[in-house]
Each structure stands twice: as structure tokens, then as C-alpha cells.
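Input: a single structure, listed below in C-alpha cells.
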Amino acid sequence: MTVNPSGWRPTQPSNDAIADGHTVTGNRALMLEEPLIFEIGSTEQTGVDFDHGLPTTPKSSRLGGLERNRAIGLPGLSEAEAVRHYTRLSRQNYAIDLGLFPLGSCTMKHNPRLNEKVARFPGFADVHPLQPQETVQGALAVISELAVWLLELTGMYGVAMSPKAGAHGELCGLLCIRAALEARGDAREVVLVPESAHGTNPATAAFAGYRVENIPANEAGRVDLDALKARLGPDVAAVMITNPNTCGLFEPDMKAISDAVHGAGGFVYCDGANFNAIVGKVRPGDLGIDAMHINLHKTFSTPHGGGGPGSGPVVLSQALSPFGPLPFVARHGDGTFRLVEEENASEEHPHAFGRMVAFHGQMGMFTRALAYILSHGADGLKQVAEDAVLNANYILRSLEDVLDAPFAKSGPCMHEALFSDKGFADDVNTLDLAKALIDEGFHPMTMYFPLVVHGAMLVEPTETESKASLDQFIAAVRSIAERAKAGDESLKAAPVYAPRRRLDETLAARKPILTYREAQAAQAAE
Amino acid sequence: MRYLPLSDADRSDMLRLVGASTIDELFRDVPGEARLHGPIAGLPMHASEMAVERHMMALSRRNMVASDVPFFLGCGAYKHHIPASVDHIIQRGEFLTSYTPYQPEIAQGTLQMMFEFQTQVARLFGCEVANASMYDGSTAMWEAILMAHRITRRKKTVISSGVHPHYVSVAKTMAKFTEDALDTALPELVAETDVERLIGQIDGETSAVVVQYPDILGRIADLAPIAEAVHSAGGLLIAVVTEPVALGMIRSPGEMGADIVVGEGQSIGVGLQFGGPYVGLFACREKHVRQMPGRLAGETVDAEGKRGFVLTLSTREQHIRREKATSNICTSSVLCALAFTAHLTLLGEEGLRQLASVNHARACEAAERLAAIPGVELVNDSFFNEFTLKLPIEARPAVHAMVERGVLGGVSLGRLYPGIEGLQNGLVVAVTETATNEDIDALEAKLKEVVR
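One line per chain: the protein sequences are D and U, in this order. 1 is the number of the first residue of the first sequence in our numbering; add one for each residue after it. 1 is the number of the first residue of the second sequence in our numbering; add one for each residue after it.
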């Protein structure tokens, strides 16, 4: 008899179910279905043990007569089950660890694991925000050290570290502007925002109590300087500019824009979401900008985590710095640090517009960002911007013959390349290309943004992609683009290989099911 | 540079393809006078992993680590034991390094976890729906005030004196710009909360009453009378929970009539981290969901009829509605929400109840012993795992003196309410399951020494 040395054995012919593409479990090998915790857990089960001998019933209760008297409905799982549940769920996610994630304006770059390690040092992770200041000098030193780097990299005068994310940073910047205007008795009502801006810009301006007006773009995808100048006046508090802008282009007139805004008594806010393109190459402070948030979760690589936490420190010009929020870290002559909070603000920072968060901002992101910055150094950060821009231009030039690239003729792009679905067959669009990319193993680019380009596709590869990775992506997009132009109907069915086919978003919005309800689930099962 | 894959050969090949002879040609839109040539002077160059780790370790050693000493701080951030598996789960690269789930077919992991989180938060708070997280408790509270204002079209909010002063400070800051009127007061070192004041301040202009439960001094009061009073005036009740573990033992705000319940989720699954990142919790009645800020995951089906989840009701949000959005929030705190939901799933209802019981029992024991120190009084009649002591001396120097003796003995009200008469002798002490018998012995001994 012959023995197969590899251990391979011929299997039984597939049964009918598998031949149909269905399995008994609904699983497909490594693609594993996972129920909700409410379907697999029970309120009696737990994955946590408590120390023996700990009193679990107090001698007398001091709960003010408000003891809970009904069940909550929280299922528990043993640790074995819980780890499996979340591991199975995790495998239904695409991630930067798995491949190219070219979401324009999102800067999905590699997240170095050193930064995770550092953030978990007990001296950072296990420190309470209200510990006496003599016990948190290291934490204050981290904030201060990162602040110095951010100031050097942007050429600005002051920095507010506490904002929790980009949009929160925008709010911080606008509130500084509002406070500065109010301090000079100058009530202004309008904030100008380009049509191509991120949605957070107009939303933030409204949140800060301003009326929003759009400023148009010119044919080259830049702010129309003449139109802007014509609109400036004593009612304009600020102009919010994204630079590089959301078409992936640097605003060459930035200094002229700033001068014009300042000349009209307003301030310039810069959305720093795209700072990755220019870090170490040009300093916003040299372009006349008054305030800019920095998304640490973009440029400085703190992980996005499926939608946060972010961190959005705001660098400020000399004119705005006196109005920055509390608390902040100040340095004594002897090298120790102190917090400037409400109690000492009247002597040290009397014009602060107030407080934006309960504590000191996103410390866990500061440690990661500082480790990232120290790892790169001044030379590495400059290289980051250069490689990010080179990678984006490589994509732009490798695809402009198959995809419409509305601004490609006006010159190089910055760190993201903008395309559109112009030239696709009538019933095929950007969404179809994006979904087909999923089947090819890529996360799609940003779709339908910026709004100024119909069927926009904004591709931001970042500097942490190799040439081989870009080439594979380019080959996939080329092939799909050609099918899209030829009107290949099969694109409408994509994705085919993802854990789910296209999901019905209209149904989700029309009849919102936002929490699990046992009764409804039982009804549905009948 | 260890994080950059391009080689110099790649770079020159790619430059050739894009038709540039130098990298600076790609930066030609940057005005020449603003362009930097070479690395910014005076800053260090790149560093090895070992060097960076060493530097950061040295900085971290300049902090006193909570777990290294007897530790009793709370006031909005609590030290609980976090199971090792929680940190493992949030470090799965597929969660850690994914983005906001805009492409649901390849983001079901995050979306399902959000849906589970929303359900857990809603149930814990006694509400019908919850969102997928906010930045933190303080910003969630301000968003709740704004939401109430949108629903009631009124601009006056009465805030309890028992709300965390930093949360009040955030609301006051924001209200300056939105012209909302906030009625606030300072707490007093007494056993009763300010229910009567709150009810007295409600009128036909009141949009909402905001109450913290348990409050900043650890006191627990029934919210039902306030709910009744504010509802009969056409306003809403907003409850703020900074220690959700308490809800394992005490009634949820929702069942006492709160319309919007917000909170800080740090104490379940998220470490202290010197104040952030934390996770804001936000729940409300279903009929108000379209006025809610933040992301929401909802259930739907895919093209084959399989159950799946998507981000939904996005027409509330800034990327669709721009200046008409319910909030400007974009990035929230999803990874911390994952830590919260994973920890709560490990606990389950039974585990949460036990955890809460251990906390309460520990706190009762400590309160009794500390209140027996001559000159020290327990302010609270009611509390969960945190209570306020009135010391015979100012609490702030007492806290520093305890630090010198190796004990982090609590939060002085002098830190939270600097210079406010009547509060300077207050010390807020939080006692969780992490406090050992020896820790409580040490606190008792050192407090006795410093108040002598």
C-alpha cells in the first residue's frame, strides 16, 4: 500500500449543500458567522472571578433606598467565549494591518506597535488625572514635549492640547477666534468655508454660533481668491481653509488669502487634516495661519480604532494664543511642570475662553504621537511627507489614462489623488468601483467627496505603502475601471467575496433598529 | 527609517514615472519662500526603537503609578481591574487599525460591536436607544444640553450643584457661545442633594434639568421627583453618570424618568490614562433619536437577506448635513467603546452585580473606619463606592501630606473648587474592588496622622 507522505487524503465528494455554496453552520472555512452576545450569552454567566473572602454583601446598604429592583438584561460570556466572540468579529473587519487603506483625507498609515507598548507603561496608563501635580511630572513632561514638537513643526506660537479629535480642535480654534474678536469688541457673524471643505468645518462653525457661507473654487480646484476677496468684510470672523485642500492640491495663494483675511480684520483657520502632506516641508505659521488643528490620529499615526479615539491639538498664532482653553501645562524655570487651571488662570492666562474637556486631553494619544515623532525625527518626518506625496503622484500618473482625474493637468497632487467616474458606462458609478475593490482585497478610497467633483474618488495611499503594494492596487483599479467603462453589469453585484453583500442602508434608516430586542428577534424568527 | 518601505531606488523609479526630476518638483505649489530646505533645524533626527522606548520609560517613571500605592481617587475617573483579555481584544489589528465603518461589507466587526455596545448602554441606563460613543462624559453632557434645547426649543438649563465641576465648566464655556442660559450652583458639604433647589428653579422656560447620579460628592438621590417636576413644565431630565459600575446595584436613571442619560464609560474597561482617551456614553428615548448626536449602528440585511449592520440615520451628521447637523462630532471613541463592551460582556449582569457589591461593601467599610478618626466626619448618608469626608483641616494639604507618606488618599474639593469657602475641608474618597485591606489600613493610618 502507498502512503501519502504529505498526509493529504482525498476527501469525500462534496454534499449537495456545500455544492450550493451553503453550509450547515453558515460558516465558510475561515469566514465565520458570529451571533450577537444577546443570542449566545446569559445573565448568569460571567468571565470574571472575584477574590475569595471579599465581602459581596455589605453589612448595611447605604444606597439611599434606591437598590436596583429589576433586571438589566446584560448577557455575560466566559472568557473563552468572549475572546472567541470578539476575535471572530474582528475578522470581519478590513484594517491597515491587512492591506492598503486609501481613504482620502483619513491618512490610514501603519500604526507602529512601539507606540502601543509605550502607551501601556504603567507610568502613563495607570495615572489618575486628578493626582497631585508632584506625582504626575512625567505626564506633564510628555504633554509639554509633544507641544514643543508641534510648535516647531508648524511654526506657530501656542498650542491647546486638550481637544479630543479633529472636529473638537476646529471648535477650539473657532472659539479662540470668537474670544479674540469679542475682546476687541468686534462682533462678527460669518465664517466662510470653501465648498470642498470637510463637513465638520461648516458644522463646527454653526456649533460655535456662526452663520456659514460658501466660497467657490476656481477651475484649477483652488480657492477662488478674487471671489474670496470680494466677500471679505467687517462681518467675516474667519475663513476656514483646508490646506492641502480636499482635492489633494496645495493652495498656492495661501499667504495672499491670509493677508486678505487679516486685512479685513478676520482670522484664518486651517483644517490640518491633510498635514501629512507637508509636515517638515512647510510650516503653516509661515503662511499666515492663525489656528490649525492637528489630527494626531492621522499625521502622527495614533490608531483610528474603528472611529476613534482621536486627538486634535490646535496650534495658535500669537494673536490667538492668549485666548486658548484651560487647562494647559506650563514649565517652571527649574524644569518642573505645573498645570494652569481655573484656579491660577486669572494670573497666568486671564483671557482663556474656558474649558473644553473634563481633564487634560487624550494622554494615551500624546504618548503614542510623541513616540512616533521621536522615532521619525526631523529628517524622518520630512521623508514622511515626501513619500506620501510621491506615492499619491505615482497613483495619479498610473491611473490618469483610465480614470478621469479632474485636476491632473494643473500639476502634481499632494498626498492624495482625486479621480471621478466620468467616462464610466451610464449605469455604473463610483460606488460600484469601490465595491469591486473590496473583492480585490482593498479598502475602497473615499467616495463622493469632495462634493465639488461629481462621483469623486479620493485616494490617499500614505507613505507606509511599498511600491509593490501600490502596483497591485493600480492593477486592480485599472481592471475595474475598464470594466466600468465597458458597462460590465457584474460590478453591480460586488462585493461577492466579503463577509456581507451590499447592505440595505435605506431599510436601516427607514425602520431603525438600533438596539437588540428579544421580542422583535423572536417575532422575526417565526 | 523603519516605518518607510520605499527604497531610494523605488523613489527614483517613481519620480521618473511621474515626470519629476526631484521630489521638490512635486511641492512646486508651495511658495519658494515658505518651503523648508532640509530638516527643521534644532530638532533631533530619527531614533531607534530602543532609544525611544528608553526615553519614554524614563518619562513614565516620573509619575506615581496608581497601582503601586494605596489609591483612593475618583471624581469622574475610577480605578477598576480590567481583565487581560480586554486589552488583548482591543489590540487585535482588525479593530485597532480599522477606520470608521463607512464600507459596511468589510466592517461588520466594528458595526456589530457598536450595535452590542449601544444595546448594553441603553439597558444599563434604562433608555430605549444609545449611540456608538462620544469623546467623554463632559462633552456628552454638553451635547445632551444642546439636544434638549433642540427638542424643547428652550434655552434655559438648570444644572445640579452635584454635577462634576469640570463638566459644568465645559458647559459654561460652550454656553457663552450659544447663548444658552445655565443656572448653576456650588455644592454644600451636607448629606442632602439639591433636589429642592432644582425643583424650585424649574419654570416654563426650562429646557432641561441636569443631575449627576451618584453626584460629585458620591450622594445618591431619587430622580423621580425631579423628572416629574420638569416634565410637568414641559422640559426634559438629563442624568449624568460618571461611575456606571454603580448601576449594577442602583436603579437606572431611565427608569426614574430621565429623558437623556449621558455618562463617562471609563470605569468599565478603560484605564485611567491621566484623563483620556475615555468614552462618552449617550442614551435617550427612541422618539428623540433624530435629535441625537453621534454615530449610530443599525440592523439591516444584505443583498442575500443575511443580517448585517450599517451606520444609519446619517442625515443627522455633519458629513451629510454640514452646518445643519445635530453636532460637529466625527471621530468619537470607538476603540474605548470596544473596551467597555468587551469588559461588560465578560462581567455580564451577574458579574456587574458582584463587582458593584464588592465596591459598595469596600466603601462602606472604609467610610465607617475613616469616619471614626477623631475630627473626621462622613458627609454622606447615601453613597455607592465614593463618599465625602469633612476633615478638621483643609483637604488639599492633607492630600499632599498623604502623598509624602506614600498614599494617594482621595481628591480634595480644594482642587476641584479652589478658594470656595465651605468646601476646602472636603475630601472625596473612592474605594473600589482594587483597594486591599492593607490599602484601607494605610489610608486610615495616614489620614489619622495628617489630621492630627
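The beta-carbon is built from N, C-alpha and C at its ideal position, and this holds for glycine as well.
Check: The alpha helix (DSSP H) spanning U/Asp439 covers which residue range?
Finding: On the second sequence, residue 439 of chain U is found 439 positions in, with the first residue counted as 1. For U/Asp439, the enclosing alpha helix (DSSP H) has its first and last residue at Asn437 to Val451.
Check: Can you name the residues that DSSP bridges to U/Ile238?
Finding: Counting from one through the second sequence, the residue named residue 238 of chain U turns up at place 238. According to DSSP, which records beta bridges pairwise, U/Ile238 is partnered with U/Val210 and U/Ile260.
Check: Which partner residues of D/Leu503 appear in the DSSP bridge assignment?
Finding: Along the first sequence, one-based indexing puts residue 503 of chain D at 503. DSSP lists U/Asp302 as partners of D/Leu503.
Notebook entry, point to check: Out of curiosity, what's the CA-to-CA distance linking D/Ser14 and D/Val496?
Noted result: The residue given as residue 14 of chain D occupies position 14 in the first sequence. The residue given as residue 496 of chain D occupies position 496 in the first sequence. With a pLDDT of only 48 at D/Ser14, under the threshold of 50, the placement of this residue in the model should not be trusted; the figure read from the coordinates follows. Approximately 22 Å between the Cα atoms of the pair.
Next item on the list: Determine which residues share a DSSP beta bridge with U/Cys284 and list them.
Entry: As a first step, residue 284 of chain U must be located in the second sequence, where it is residue number 284. U/Cys284 pairs with U/Val129 and U/Ile260.
Note to self: Between the alpha carbons of D/Met365 and D/Gly104, how many angstroms are there, rounded?
What the structure shows: Translated into the one-based positions of the first sequence, residue 365 of chain D becomes position 365. Translated into the one-based positions of the first sequence, residue 104 of chain D becomes position 104. The alpha-carbon atoms of D/Met365 and D/Gly104 are separated by roughly 22 Å.
Next item on the list: Could you please give me the residues that DSSP links to D/Gly158 through a beta bridge?
Entry: Along the first sequence, one-based indexing puts residue 158 of chain D at 158. Beta-bridge pairing links D/Gly158 to D/Leu316.
Note to self: I want to verify the contact list: residues of chain U whose CB lies under 8 Å from the CB of D/Tyr157, in sequence order.
What the structure shows: As a working note, residue 157 of chain D is residue 157 in the first sequence. Listed by position along chain U, the residues whose Cβ is nearer than 8 Å to that of D/Tyr157 form an empty set, because the closest Cβ is around 16 Å away.
Check: When you compare each of U/Ala66, U/Ala239 and U/Lys324 to U/Gly162 by their alpha carbons, which one comes out closest?
Finding: Along the second sequence, one-based indexing puts residue 162 of chain U at 162. Nearest C-alpha to U/Gly162 among U/Ala66, U/Ala239 and U/Lys324: U/Ala239.
Notebook entry, point to check: Taking only beta-carbon atoms, is D/Ile72 less than 8 Å away from chain U?
Noted result: Indexing the first sequence from 1 puts residue 72 of chain D at position 72. Judged by the 8 Å Cβ criterion, D/Ile72 is in contact with chain U.
Item checked: Residue burial classification, D/Ser42 (beta-carbon count within 10 angstroms, cutoff 16) -> As a working mapping, residue 42 of chain D is identified with position 42 in the first sequence. An exposed status is given to D/Ser42, since fewer than 16 other beta-carbon atoms sit within 10 Å of its beta-carbon.
Next item on the list: State yes or no: is the beta carbon of D/Arg178 nearer than 8 Å to at least one beta carbon in chain U?
Entry: Residue 178 of chain D sits at position 178 when you count from the first residue of the first sequence. Yes - at least one Cβ of chain U is within 8 Å of the one on D/Arg178.
Check: Taking the alpha-carbon positions, what's the U/Ala130 to U/His231 distance?
Finding: The residue labelled residue 130 of chain U in the question sits at position 130 within the second sequence. The residue labelled residue 231 of chain U in the question sits at position 231 within the second sequence. Cα-Cα distance, rounded: 21 Å.
Checklist line | C-alpha distance - U/Phe274 paired with U/Pro418, whole-angstrom precision | finding: Walking along the second sequence from the start, residue 274 of chain U turns up at place 274. Walking along the second sequence from the start, residue 418 of chain U turns up at place 418. Their backbone Cα atoms lie some 20 Å apart in a straight line.
Next item on the list: Kindly indicate which residue of U/Ile250, U/Leu43 and U/Thr206 has the alpha-carbon position closest to the one of U/Tyr213.
Entry: What you label residue 213 of chain U is simply residue 213 of the second sequence in a count that begins at 1. Closest by alpha carbon: U/Ile250.
Margin query: Restricting to runs no shorter than 3 residues, where is the beta strand (DSSP E) found entirely within the stretch 150 to 228 of chain U?
Written below: You should have 156 to 159, 181 to 183 and 206 to 212.
Notebook entry, point to check: Among the residues of its own chain, which have a CB less than 6 Å from the CB of D/Val190, if the five just before and after it don't count?
Noted result: As a working mapping, residue 190 of chain D is identified with position 190 in the first sequence. Cβ neighbours of D/Val190 within its own chain (closer than 6 Å, five residues either side excluded): Arg211, Glu213, Asp235 and Val236.
Check: Going by the CB atoms, is the gap between U/Val334 and U/Ala107 shorter than 8 Å?
Finding: Here residue 107 of chain U is taken as the residue at index 107 of the second sequence, counted from 1. Here residue 334 of chain U is taken as the residue at index 334 of the second sequence, counted from 1. Their beta carbons are not under 8 Å apart, which means U/Ala107 does not touch U/Val334 by this criterion.
Next item on the list: Starting from D/Met365, trace the alpha helix (DSSP H) both ways and give me its first and last residue.
Entry: Residue 365 of chain D sits at position 365 when you count from the first residue of the first sequence. Taken as a continuous stretch (DSSP letters only), the alpha helix (DSSP H) holding D/Met365 covers Met363 to Leu399.
Checklist line | U/Arg285: contacting residues in chain D (beta-carbon distance under 8 Å) | finding: Translated into the one-based positions of the second sequence, residue 285 of chain U becomes position 285. In chain order: nothing, as chain D lies at least about 12 Å away.
Item checked: Buried versus exposed call for D/Thr11 [16 or more other C-beta atoms within 10 Å across all chains shown] -> In the first sequence, residue 11 of chain D corresponds to position 11, counting from 1. Confidence in D/Thr11 is poor, its pLDDT being 49 and thus under 50, which makes the residue's placement too unreliable to answer from.
Check: What is the C-beta distance between U/Phe384 and U/Ala246, in whole angstroms, given that I count them as a contact (C-beta under 8 Å)?
Finding: Translated into the one-based positions of the second sequence, residue 384 of chain U becomes position 384. Translated into the one-based positions of the second sequence, residue 246 of chain U becomes position 246. U/Phe384 to U/Ala246, Cβ: 4 Å. Contact.
Check: How many Å lie between D/Ile37 and U/Glu116 at the Cα?
Finding: The residue you call residue 37 of chain D lines up with position 37 of the first sequence. The residue you call residue 116 of chain U lines up with position 116 of the second sequence. Looking at the two C-alpha atoms, the distance is approximately 7 Å.
Notebook entry, point to check: Does the beta-carbon of D/Gln45 have 16 or more other beta-carbons within 10 angstroms, so that it is buried, or is it exposed?
Noted result: For the purposes of this step, residue 45 of chain D is taken as residue 45 along the first sequence, with counting starting at 1. Answer is buried; the Cβ neighbour count reaches 16.
Note to self: At the level of alpha carbons, what is the spacing between U/Ser314 and U/Ile320?
What the structure shows: Residue 314 of chain U sits at position 314 when you count from the first residue of the second sequence. Residue 320 of chain U sits at position 320 when you count from the first residue of the second sequence. Rounded to the nearest angstrom, the two C-alpha atoms are 7 Å apart.
Note to self: Can you pull out the residues from the stretch 168 to 196 of chain U whose beta carbon lies closer than 9 Å to at least one beta carbon of chain D?
What the structure shows: In summary, the residues of the stretch 168 to 196 of chain U whose CB is separated from some CB of chain D by less than 9 Å are Ser169, Val170, Lys172, Thr173, Met174, Lys176, Phe177, Thr178 and Glu179, in the order they occur in the chain.
Margin query: Please report whether the beta-carbon of D/Ile438 lies at a distance below 8 Å from any beta-carbon of chain U.
Written below: Within the first sequence, the letter at position 438 stands for residue 438 of chain D. D/Ile438 counts as touching chain U.
Checklist line | Pairwise C-alpha distance: D/Ala385 and D/Ile373 | finding: Stepping through the first sequence from its first residue, residue 373 of chain D is reached at position 373. Stepping through the first sequence from its first residue, residue 385 of chain D is reached at position 385. It is roughly 13 Å from the alpha-carbon of D/Ile373 to the alpha-carbon of D/Ala385.
Notebook entry, point to check: What's the gap between the Cα of D/Gln131 and the Cα of U/Glu49?
Noted result: Taking the first residue of the first sequence as 1, we reach residue 131 of chain D at position 131. Taking the first residue of the second sequence as 1, we reach residue 49 of chain U at position 49. So the alpha carbons of these two residues sit roughly 30 Å apart.
Item checked: C-beta contact flag for D/Gly138 and U/Leu59 at 8 Å -> As a first step, residue 138 of chain D is located in the first sequence; it is residue number 138 there, counting from the start. As a first step, residue 59 of chain U is located in the second sequence; it is residue number 59 there, counting from the start. In this structure, U/Leu59 lies closer than 8 Å to D/Gly138 by Cβ.
Next item on the list: Taking only the alpha-carbon atoms, compute the straight-line gap between U/Lys324 and U/Thr388 and give it to the nearest angstrom.
Entry: For this step, residue 324 of chain U is matched to residue 324 along the second sequence. For this step, residue 388 of chain U is matched to residue 388 along the second sequence. Each residue's Cα considered, the two are about 43 Å apart.
Next item on the list: Output, in chain order, the set of chain U residues within a Cβ distance shorter than 8 Å of D/Thr135.
Entry: Mapped onto the first sequence, residue 135 of chain D falls at position 135. In chain order: Asn63, Met64, Val403 and Leu408.
Check: So what does D/Gly76 bridge to, in DSSP terms?
Finding: Position 76 of the first sequence, counted from the first residue, corresponds to residue 76 of chain D. DSSP output for D/Gly76 lists D/Ser42 as bridge partner(s).
Next item on the list: Note down the Cα distance separating D/Leu451 from D/Thr246, rounded to an integer number of angstroms.
Entry: Residue numbering aside, residue 451 of chain D sits at position 451 when the first sequence is read from its first letter. Residue numbering aside, residue 246 of chain D sits at position 246 when the first sequence is read from its first letter. Approximately 9 Å between the Cα atoms of the pair.
Next item on the list: Alpha carbon to alpha carbon, how far is D/Met161 from U/Pro44? Give it in angstroms, no decimals.
Entry: Numbered from its first residue, the second sequence carries residue 44 of chain U at position 44. Numbered from its first residue, the first sequence carries residue 161 of chain D at position 161. Each residue's Cα considered, the two are about 22 Å apart.
Notebook entry, point to check: Can you tell me where the beta strand (DSSP E) with D/Cys270 in it begins and where it stops?
Noted result: On the first sequence, residue 270 of chain D is found 270 positions in, with the first residue counted as 1. Boundaries of the beta strand (DSSP E) harbouring D/Cys270: Phe267 to Asp271, taken from the DSSP string.
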